[in-house]
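Participant: In our numbering, the protein residues as written are 66 to 203.
Each residue gets a CB set at the ideal place from its N, CA and C atoms; glycine is no exception.
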Ligand SMILES: [Zn+2]
């Protein structure tokens, strides 16, 4: 692994390559996804990259009908809500992600604790490519 900084830019670069990466504190083992340069637990600054397997469970979610502009550009609006959630990864870290493959217009059907697997949503092309982290039912 090269000397990538433990920040959002590196995280997004990995997402483009379909890798879900976090930082692991070499002192206490705390995982952070996205990566952080300083450990949230012990404030240590010695980090190493760890690739997540991309499996987890739904820890929290919200269905959003009033979408931000970049989501409207992807076809979401009041009639086509989307679901944003927090996924508890198998490795123990929690990560914010879009939840795909569920009916965001029926939040009552979305189950807490449901098993999920990672899905990388690519948007745009070339240098403008962005990848959004999503999870779908496993
Ligand atoms: Zn630590």
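Give a single yes or no on whether residue 109 has its beta carbon closer than 6 Å to a heavy atom of ligand 1.
Facilitator: Yes, since a heavy atom of ligand 1 falls inside the 6 Å radius drawn around the Cβ of residue 109.
Participant: Distance check for residue 96 and residue 157, CA to CA, integer angstroms please.
Facilitator: Distance between the alpha carbons of residue 157 and residue 96: 7 Å.
Participant: Short check: CB of residue 152 to CB of residue 85, under 7 Å?
Facilitator: Not a contact, by the Cβ cut-off of 7 Å.
Participant: Rounded C-beta distance between residue 98 and residue 160? I'm assuming under 8 Å.
Facilitator: Residue 98 to residue 160, Cβ: 4 Å. Contact.
Participant: Could you say which of 202, 74, 123, 146 lies nearest to residue 177 if we only look at CA atoms?
Facilitator: Closest option to residue 177, Cα to Cα, is 123.
Participant: Figure out for me which residue from 81, 108, 73, 83 has the closest Cα to the Cα of residue 94.
Facilitator: Minimum Cα distance to residue 94 is reached at 108.
Participant: Looking only at its chain, what residues have a beta carbon closer than 6 Å to the beta carbon of residue 66, apart from the 5 residues adjacent to it on each side?
Facilitator: With a pLDDT of 46 at residue 66, under the threshold of 50, the predicted position of this residue should be treated as unreliable, though the coordinate-derived value follows. Counting only Cβ-Cβ distances below 6 Å, and skipping sequence neighbours, we find 114.
Participant: Apart from the five residues just before and just after residue 188, which ones in its own chain have a Cβ nearer than 8 Å to its Cβ?
Facilitator: The answer, listed in chain order, is 139, 194, 195, 196, 197.
Participant: Assign residue 70 to one of two classes, buried (16 or more other C-beta atoms within 10 Å of its C-beta) or exposed (fewer than that).
Facilitator: Result: exposed.
Participant: What does a CB cutoff of less than 8 Å around residue 173 pick up in its chain, not counting 5 residues either side in sequence?
Facilitator: None.
Participant: Consider the C-beta atom of residue 159 and the heavy atoms of ligand 1; say whether any pair is separated by less than 6 Å.
Facilitator: Not so, every heavy atom of ligand 1 lies at least 6 Å from the Cβ.
Participant: Suppose you measure from the CA of residue 147 to the CA of residue 127; what does that come to, to the nearest Å?
Facilitator: Roughly 8 Å between the two C-alpha positions.
Participant: Looking only at C-alpha atoms, which of 89, 191, 202 sits nearest to residue 112?
Facilitator: Looking at the Cα atoms, 89 is the closest of the given residues.
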